[in-house]
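Following: one structure in structure tokens, then a few remarks.
2 protein chains.
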Amino acid sequence: MTASRRIVVVGGVAGGMSAAARARRLDEHADIVVLEQGDFVSFANCGLPYHLSGEIDRRDSLLLHTPATLASTLNLDVRTGHRVTAIDRDAREVTVQTAERTYRLPYDALLLAPGATAVRPPVEGLDHPAVHALRVVPDVDALRATVDGLLASRDDGDRAAEPPTAVVVGAGFIGLEAVEALAARGLQVHLVELADHVLPPLDAELAPLLAEELASHGVRLHLGAGARKIRPAAEAADYGEETVRPAGPVVVTLSDGDEVTADLVVVNVGVRPASALAREAGLDLGPSGAIRVDGDQRTSDPHIWAVGDAVEVVQAVTGATGPVPLAGPANRQGRRAADSICGRRTTPQAPVLGTAIVRVFGLTAAVTGANQATLRRAGIDHEVVHVHPGHHAGYYPGAEQIHIVASFAPDGSLLGAQAVGRAGVDKRIDVLATALRAGMGADDLAELELAYSPPFGSAKDPVNMLGFVAQNVLDRTMPQWQAWELDEVREGTLVLDVRSRGEFAAGHLDGALNIPHTELRDRLDEVRDAAGGRPVSVHCASGVRSYLATRILRGEGVDARNLSGGWLTLTAVHPELLEDVAVRA
Amino acid sequence: MTASRRIVVVGGVAGGMSAAARARRLDEHADIVVLEQGDFVSFANCGLPYHLSGEIDRRDSLLLHTPATLASTLNLDVRTGHRVTAIDRDAREVTVQTAERTYRLPYDALLLAPGATAVRPPVEGLDHPAVHALRVVPDVDALRATVDGLLASRDDGDRAAEPPTAVVVGAGFIGLEAVEALAARGLQVHLVELADHVLPPLDAELAPLLAEELASHGVRLHLGAGARKIRPAAEAADYGEETVRPAGPVVVTLSDGDEVTADLVVVNVGVRPASALAREAGLDLGPSGAIRVDGDQRTSDPHIWAVGDAVEVVQAVTGATGPVPLAGPANRQGRRAADSICGRRTTPQAPVLGTAIVRVFGLTAAVTGANQATLRRAGIDHEVVHVHPGHHAGYYPGAEQIHIVASFAPDGSLLGAQAVGRAGVDKRIDVLATALRAGMGADDLAELELAYSPPFGSAKDPVNMLGFVAQNVLDRTMPQWQAWELDEVREGTLVLDVRSRGEFAAGHLDGALNIPHTELRDRLDEVRDAAGGRPVSVHCASGVRSYLATRILRGEGVDARNLSGGWLTLTAVHPELLEDVAVRA
Ligand SMILES: Cc1cc2nc3c(=O)[nH]c(=O)nc-3n(C[C@H](O)[C@H](O)[C@H](O)COP(=O)(O)OP(=O)(O)OC[C@H]3O[C@@H](n4cnc5c(N)ncnc54)[C@H](O)[C@@H]3O)c2cc1C
Ligand SMILES: Cc1cc2nc3c(=O)[nH]c(=O)nc-3n(C[C@H](O)[C@H](O)[C@H](O)COP(=O)(O)OP(=O)(O)OC[C@H]3O[C@@H](n4cnc5c(N)ncnc54)[C@H](O)[C@@H]3O)c2cc1C
Ligand SMILES: CC(C)(COP(=O)(O)OP(=O)(O)OC[C@H]1O[C@@H](n2cnc3c(N)ncnc32)[C@H](O)[C@@H]1OP(=O)(O)O)[C@@H](O)C(=O)NCCC(=O)NCCS
Ligand SMILES: CC(C)(COP(=O)(O)OP(=O)(O)OC[C@H]1O[C@@H](n2cnc3c(N)ncnc32)[C@H](O)[C@@H]1OP(=O)(O)O)[C@@H](O)C(=O)NCCC(=O)NCCS
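These protein sequence lines are chains D and P, in that order. So the first sequence is numbered by full-length UniProt numbering: it starts at 1 and just counts up by one. So the second sequence is numbered by full-length UniProt numbering: it starts at 1 and just counts up by one.
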């Protein structure tokens with residue numbers, strides 16, 4: 001038998017360990033060494049927020065494997081506390097540093113899965129011990145200890161005292177999970193986000209739903225504001241004498257001038273590819289600084305592969321390249337790299353959709369494909385469709401509205417979709433992600449055959465409904481106007497509100513004409529008179545009744561357009577409309 | 001303006017009313033008449049079982065529309081109690097019969113949406129008033145009245161008395177819903193099914209899970225047995241004197257000789273297309289008796305369209321034709337027919353997948369595409385894969401196993417999939433239905449990018465996992481053996497059980513060698529000795545550990561195969577293995 005090859009893996013978590021495991025299954029005789037700088041391998045990064053909240057009670061649950069179990073099941077040589085500091089590509093050796101020593105390790109194939117590093121925002125005082133990250137196991141250990149300490153000292157003292165306070169900087173996926181976890185532990189949480197809405201990848205129409213959910217759980221939002229400075233709170237602040245509060249309190253100064261006193265701060269403003277090692281070894285990087293790989297995960301060096309948060313992928317829809325730091329792609333890239341290293345048939349990496357999901361208290365938000373901002377930036381022509389169907393048949397108790405936004409190319413192709421709701425969101429985004437991968441369009445969505453019985457869906461599933469509406473928009477059966485065109489619409493058209501009188505009374509647009517849709521056929525003259533030759537901009541609550549009205553009007557030769565997503569979407573984009581209600585009603 | 005055309009619709013529920021509604025939206029001026037023989041239109045047939053159970057409390061919730069609301073919103077002329085008895089194709093007129101009169105109604109376009117009629121099984125005494133159907137609103141009214149009466153008379157009398165008893169004949173989707181509903185009301189339910197497992201469209205490996213769930217909720221199963229005869233119970237049966245029980249009790253005699261005394265019987269053994277009207281008018285029917293239509297829902301008469309349970313569709317995968325009585329297709333066919341009638345661009349009906357789902361107490365069962373029996377009958381070559389992944393990350397509390405069976409063509413194409421479990425089943429089947437529609441295969445499933453965070457899924461989603469396993473089976477990385485090959489396997493191979501000693505002790509195959517997978521690398525000689533040149537048939541609980549073992553053995557040159565789905569699937573196919581446990585352990 002020929003000498004077995006040595007596969008060296010740098011980074012022993014999602015991408016790296018998936019590759020090592022698959023490589024072993026493909027090659028029983030390879031010498032597979034996994035080098036991990038930290039103390040833990042194969043841990044569930046994605047579970048860290050749920051250990052912070054206490055939902056995942058035992059830390060051990062997060063450790064899917066240990067070096068010992070990886071040795072006994074997969075015969076892997078896993079070395080924790082071993083950091084790779086250099087790659088000698090000519091010699092095919094890596095330099096490894098441990099607490100005690102430095103050594104060189106030859107490889108036949110090298111796989112880089114070093115992940116990403118947290119972006120350090122330009123905030124003064126970030127090194128204060130009250131400031132935490134949430135990336136690795138020791139981070140969550142420290143956070144739990146801090147929270148436990150804060151709660152314990154409060155329990156010892158005045159039970160009526162204010163709860164401990166946390167500031168979370170960054171309202172991305174992980175930031176939101178941190179907020180939920182800290183609030184679940186009973187902390188008063190402030191959430192600071194530079195963008196003008198929470199979860200920046202989400203389209204602006206959907207984000208207010210999350211903001212409302214956060215607020216209703218007591219979270220204080222600071223949107224459009226960055227953290228500027230973190231300094232120890234003055235001793236003057238009276239937090240009792242006998243307990244030494246762990247690492248706090250601090251005062252966080254925001255860019256809008258606000259100051260928040262907090263017992264702890266969690267910073268999560270994104271990651272950047274951990275590509276220093278690759279760069280120093282002269283491997284090609286993309287403009288984003290991520291490692292460039294081919295469809296087989298191979299870098300510019302034929303003996304080196306790379307996967308996960310550190311690599312560049314082609315993004316679906318736009319074709320742009322850059323990193324997409326998600327666990328699913330990292331795991332599958334690891335598997336693909338192992339296939340390639342072991343000389344197996346591979347299926348090249350498909351353009352990445354960036355499908356992602358987050359639970360925020362009772363709500364779920366999920367995205368797949370390109371969002372509107374991305375499409376605008378890329379100059380890709382698209383129509384945006386908003387629907388708010390129930391997650392299952394309305395006549396069966398418990399139906400929850402799903403708010404779906406999707407973009408379609410003029411030829412009908414789906415470009416991206418997002419959804420927020422209390423139930424059934426994950427299912428619809430997964431179906432849409434599958435459709436997107438398959439290159440489906442409005443016609444295909446309209447015809448998908450999804451499982452229906454009353455507890456699970458509708459005869460016309462929300463995804464079908466999205467397809468119907470998109471078809472109508474694209475073939476101009478239903479021309480539409482968008483919430484963000486409100487100013488032009490108010491200036492140049494008649495606004496016709498076809499909701500009931502009661503709904504109208506509870507809040508409406510100034511100057512709108514109210515004719516309930518069931519009366520429209522008898523009151524066409526009123527519409528024509530009020531319009532005076534201007535186009536008619538119809539709306540109702542969700543878009544369904546106003547669609548009927550739009551069709552009636554167009555059937556009568558009136559130039560009518562329907563508001564996409566109705567009052568629900570309009571007030572999300574223009575929250576000031578809801579504030580005015582008291583005055584107007 | 002030219003005279004408006006008249007569109008006449010026969011049948012005012014799923015397909016018919018969807019067509020009428022869409023036609024109105026496309027043509028404000030058409031004269032649209034909907035003729036419905038029953039007293040109700042636009043009712044939620046699919047919700048009937050949930051009104052029986054009481055979950056849908058108000059019957060009105062089932063009536064999505066009334067003739068009045070359809071007039072006010074859509075200007076439809078809806079006529080209940082109007083039965084169409086004949087079509088005069090030459091004159092383009094239908095004959096309509098009401099309680100009072102008969103009239104002829106001319107049409108420009110005629111749409112047939114008469115649905116299906118219940119199959120009457122050859123059971124003596126089916127006309128006894130204790131025997132019920134569950135198809136239309138009056139059926140559920142009668143059933144509720146009967147159940148209410150039975151429960152009330154019991155409450156009046158001896159509270160310790162046995163609960164009322166129901167026999168449900170037919171364990172299809174609706175039969176199972178009826179069972180669940182009656183059990184929820186507190187009845188003792190017997191379920192009689194001619195096939196050898198409940199939910200006959202389900203593959204035999206999955207059905208035992210449903211049977212177990214039914215039994216654990218007190219349902220008595222009579223499988224492989226048909227109802228033969230229903231006769232009034234002898235007066236001798238002592239049910240008290242003062243209450244007259246509504247329409248019962250009866251004695252149901254089964255084909256296996258069993259007799260069950262029951263207060264009510266619900267018969268649901270399938271439907272056949274209601275195509276008599278079409279046949280009498282000379283329209284083309286398929287061999288199944290369903291109305292033949294083209295991709296636009298047009299019948300052999302260019303002025304007549306047909307949709308829903310009454311029509312023939314092309315079934316995906318096999319290409320066979322026949323009716324597929326489901327609400328989703330009916331609704332969408334109605335929409336397509338309206339498009340065609342109104343001269344719009346249509347998207348032709350795609351081959352139908354037959355995606356369907358049912359809740360059975362705490363379990364959900366769902367199917368899409370061809371099942372194994374269908375593939376075998378059609379002579380389509382396929383590999384069957386069984387997996388049992390968690391519905392979300394295992395480290396996050398509450399993960400429930402999903403049992404998935406899927407068939408793949410030798411080229412990797414997905415042919416059909418089925419799943420049973422307590423959570424997440426609907427999502428996976430919808431993703432697989434979308435994949436099937438897109439013509440995806442194992443490679444595509446492996447690479448799908450589905451939404452993952454711990455409460456919703458796994459970095460390697462169950463659907464990805466299915467793809468991985470299928471890839472390994474198809475490229476023979478992991479040759480497998482199937483539970484139904486047990487006899488051959490026991491005769492010609494060594495059975496190697498790689499579970500732990502504890503699992504082995506709790507039940508195993510006679511003659512199996514037990515080597516936990518973590519010890520296998522050190523005990524290869526034992527395997528070689530025991531095998532004595534025979535192939536080695538490996539198994540564990542679910543297939544994962546035995547896959548690792550299979551790869552170790554094959555890496556060492558041993559001809560090893562893995563049991564698809566492991567002990568979980570094996571014991572579902574061979575329940576006698578579990579019965580023997582006490583003896584053997
Ligand atoms: C709190 C949190 C929650 C998340 N939630 C989700 C989620 O819900 N869904 C989702 O899809 N994704 C989530 N992610 C992202 C996901 O965990 C990552 O995308 C994924 O782990 C990336 O895999 P990777 O193998 O590239 O890197 P990692 O899994 O981060 O592993 C990289 C490893 O390499 C080690 N390493 C780096 N450099 C060296 C070196 N020179 N020598 C030795 N070792 C080195 C690091 O110590 C690290 O352990 C979350 C991440 C975090 C932190
Ligand atoms: C209890 C029950 C539960 C169900 N659950 C589900 C489910 O969970 N999921 C699912 O997908 N499907 C389900 N179905 C099936 C679904 O309801 C049907 O597939 C669907 O309704 C078929 O639509 P259709 O328009 O063809 O027929 P129907 O909706 O049955 O409508 C046909 C109508 O035509 C009328 N009619 C017939 N002949 C004439 C005539 N000559 N003149 C005038 N009127 C006439 C009938 O009275 C009837 O009202 C269920 C069905 C039932 C009965
Ligand atoms: C756990 C870890 C070591 C990966 O291990 P893995 O062995 O590749 O993955 P799994 O344990 O899920 O097993 C998957 C394998 O089992 C196989 N399998 C699954 N079910 C099977 C069944 N019923 N029968 C046969 N094989 C089966 C799959 O085909 C796959 O093998 P393949 O890749 O060779 O095709 C690695 O992913 C890891 O370290 N993860 C933790 C970190 C992480 O992922 N973080 C981000 C998310 S929190
Ligand atoms: C209810 C029934 C009358 C159908 O009515 P329908 O008007 O076609 O269907 P819906 O009320 O769901 O509305 C769908 C329409 O609203 C449109 N729509 C949905 N959301 C919209 C939004 N936010 N903005 C604009 N339009 C929207 C859709 O595009 C679709 O119109 P289209 O077909 O012209 O494209 C008919 O299906 C029926 O009688 N159903 C009961 C029986 C039944 O289905 N039984 C079996 C299942 S229980």
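Beta carbons are placed, not taken as given, at the ideal position from N, Cα and C, and that holds for glycine. Owing to the predicted nature of the structure, the values given are computational and were not obtained by experimental measurement.
Asked: Interface flag, residue 514(D) vs chain P, CB-CB below 8 Å; Found: no
Asked: Any non-hydrogen atom of ligand 4 closer than 7 Å to residue 371(P) Cβ; Found: no
Asked: Within chain P, the residues that residue 359(D) reaches when beta carbons sit closer than 8 Å; Found: 453, 455 and 456
Asked: The segment 4-15 of chain D touching the segment 92-108 of chain D, judged by at least three CB pairs closer than 8 Å; Found: yes
Asked: Start-end ranges of the beta strand (DSSP E) lying completely within the segment 275-313 of chain D, minimum 3 residues; Found: 304-306
Asked: Run of the alpha helix (DSSP H) containing residue 51(D), from where it starts to where it stops; Found: 48-52
Asked: Neighbour flag for residue 353(D) against chain P, beta carbons, 8 Å; Found: yes
Asked: Contact with chain D by residue 56(P), beta-carbon distance below 8 Å; Found: yes
Asked: Residue range of the unbroken alpha helix (DSSP H) whose run includes residue 470(P); Found: 462-474
Asked: Under 8 Å between C-beta atoms of residue 286(P) and residue 292(P); Found: yes
Asked: Residues of its chain near residue 349(P), where Cβ-Cβ distance is below 6 Å and the 5 sequence neighbours each way are ignored; Found: 295
Asked: Beta-carbon neighbours of residue 62(P), restricted to chain D and to distances below 7 Å; Found: 395
Asked: Residue 525(D) at chain P interface by Cβ criterion, 8 Å; Found: no
Asked: Residue-chain proximity (residue 410(P), chain D), Cβ-Cβ < 8 Å; Found: no
Asked: Residue 73(P): contacting residues in chain D (beta-carbon distance under 9 Å); Found: 517, 518, 545 and 548
Asked: Contact test: residue 565(P) Cβ vs ligand 3 heavy atom, cutoff 7 Å; Found: yes
Asked: First and last residue of the uninterrupted alpha helix (DSSP H) at residue 334(P); Found: 327-341
Asked: Beta-bridge partners of residue 58(D), as assigned by DSSP; Found: Answer by DSSP bridge pairing: none, since residue 58(D) is not bridged.
Asked: Amino acids of chain D, ordered along the chain, whose beta-carbon sits closer than 7 Å to that of residue 431(P); Found: 430, 431 and 434
Asked: Classification of residue 216(D) by the beta-carbon crowding that lies within 10 angstroms, buried from 16 upward; Found: exposed
Asked: Within chain D, partners of residue 114(P) - CB distance below 7 Å; Found: Near residue 114(P) there are no residues of chain D at all, since even the closest Cβ is about 18 Å away, more than 7 Å.
Asked: Spatial distance of residue 326(P) from residue 321(D) (CA atoms); Found: 44 Å
Asked: Whole-number beta carbon distance between residue 507(P) and residue 386(P), since they are thought to touch under 8 Å; Found: About 19 Å; that fails the 8 Å criterion.
Asked: At least three beta-carbon pairs within less than 8 Å, the segment 387-402 of chain D to the segment 168-177 of chain D; Found: no
Asked: Own chain partners of residue 467(P) with C-beta closer than 8 Å, once the 5 adjacent residues on each side are dropped; Found: 442, 443, 444, 445, 446, 447 and 448
Asked: Strand pairing of residue 534(D), partner residues [DSSP]; Found: Answer by DSSP bridge pairing: none, since residue 534(D) is not bridged.
Asked: Assigned secondary structure, residue 492(D) (DSSP; H/G/I helix, E/B strand, else coil); Found: helix
Asked: Check: residue 517(D) C-beta below 7 Å from any heavy atom of ligand 4; Found: no
Asked: DSSP three-state assignment for residue 480(P), whether helix, strand or coil; Found: strand
Asked: Ranges of the alpha helix (DSSP H) found wholly within the segment 339-400 of chain D, counting only runs of at least 4; Found: 372-377
Asked: Residue 7(P) - containing beta strand (DSSP E), residue span; Found: 6-10
Asked: Nonlocal neighbours in the same chain, by C-beta distance under 7 Å from residue 76(P), ignoring five residues either side; Found: 20, 24, 32, 34 and 70
Asked: Assumed close pair residue 314(P), residue 352(P) - CB separation to whole angstroms, cut-off 8 Å; Found: 7 Å
Asked: CA-to-CA distance, residue 12(P) to residue 308(P), given in whole angstroms; Found: 11 Å
Asked: Cross-chain neighbours of residue 141(D) in chain P, by beta carbon under 7 Å; Found: None at all; the shortest Cβ gap to chain P is about 16 Å.
Asked: Distance CB(residue 26(P))-CB(residue 330(P)) smaller than 8 Å; Found: no
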